[in-house]
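Let me begin by presenting the structure, written as structure tokens, before commenting on it.
In full-length UniProt numbering, the protein residues as written are 1 to 267.
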């Protein structure tokens, strides 16, 4: 896992440094991935914490208190990204960009001024995405932030996901909408992707989070891997700190998000 961004994997643009595919097909999603043994046969559980960077205390707690296999996704609106990203990567975490996308409840629920919208042209949405991609470097890919409407529009998704593929990134479909087409589109264009299995803390209580974590164990055993997405709430981090050390004794292994892409690719 390279700590500094690789100059061969970036290009200078009006929106700053953006990822690109390097010579010989070198890609950011592989170069910046957390190490994981490809021979590992135990069922894999991957955890991503999203929406990081807005609360300093919550962000620092996620970086410092969670195992390095946990993937951390940062909002492009955060003001201290040049501080948080090196800190997260120095602690061993692979990082992602949480890309704001239109929810069904828009505009009542508004993920911010650079949100990708189904009402915008592909050129406008690509410009917004490039603004977000240029906010920091060294990430393996993108996870949608909100997105329950945007991810159900193949017409809106296609140019975005194609651009991510061209830039050597992966995509994590949060499945905010059960009818999300993101995984299908990604598979069709051979974009490396993974899919969220459970949100951990839509109900931010100990009982609900523990139930979601138990679901991940069951899903991992039945299908070989499972992905959970949570937020940097104190109760979420507390339950993860209690639960993650129990996985090995249960015959399960904590994996970075990029390792679930590998599993899907082999499957």
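Cβ atoms here follow ideal geometry from the backbone N, Cα and C, with glycine treated the same way.
Sub-7 angstroms separation of residue i and residue j beta-carbons
i           : j           : result
residue 196 : residue 229 : yes
residue 68  : residue 92  : yes
residue 227 : residue 40  : no
residue 259 : residue 44  : yes
residue 215 : residue 198 : yes
residue 243 : residue 213 : yes
residue 194 : residue 257 : yes
residue 78  : residue 116 : no
Contacting residues, own chain, Cβ-Cβ under 7 angstroms from residue i (five flanking each side not counted)
i           : result
residue 62  : 49, 52, 72, 232 and 237
residue 138 : 5, 32, 85, 89 and 95
residue 209 : 200, 201, 235, 236 and 239
residue 180 : 151, 152 and 173
residue 221 : 43
Residue span of the alpha helix (DSSP H) that contains residue i, given as start and end
i           : result
residue 188 : 182-189
residue 222 : 206-223
residue 156 : 154-166
Contacts around residue i, its chain only, beta-carbon distance under 6 angstroms, and the 5 residues preceding and following it disregarded
i           : result
residue 156 : 118 and 150
residue 134 : 15, 16 and 18
residue 268 : This structure leaves residue 268 out entirely; the chain is present only between 1 and 267.
residue 8   : 22
residue 70  : 47
residue 261 : 170, 192 and 194
Interface flag, residue i vs chain D, CB-CB below 7 angstroms
i          : result
residue 38 : In the structure shown, chain D cannot be found, because there is only a single protein chain.
Own chain, CB closer than 8 angstroms to residue i, minus 5 neighbours either side, in chain order
i           : result
residue 132 : 76, 97, 99, 100 and 114
residue 82  : 136
residue 190 : 165
residue 42  : 251, 252 and 253
residue 205 : 235
Start and end residues, beta strand (DSSP E) containing residue i
i           : result
residue 142 : 141-146
residue 13  : 10-13
residue 132 : No beta strand (DSSP E) contains residue 132, which is instead part of the alpha helix (DSSP H) from 122-133.
residue 254 : 253-255
residue 19  : 16-19
residue 172 : 170-173
- Task: Counting only runs of 4+ residues fully inside the segment 90-120, write out the alpha helix (DSSP H) ranges in chain order.
- Result: none
- 3 or more residues per run - each beta strand (DSSP E) lying fully within the segment 32-98: 44-52 and 71-74
- Message: Three or more C-beta pairs under 8 angstroms: does that hold for the segment 21-28 against the segment 161-170?
- Response: yes
- Message: Contact between the segment 137-151 and the segment 172-181 is defined here as three or more beta-carbon pairs at a separation below 8 angstroms; is this criterion met?
- Response: yes
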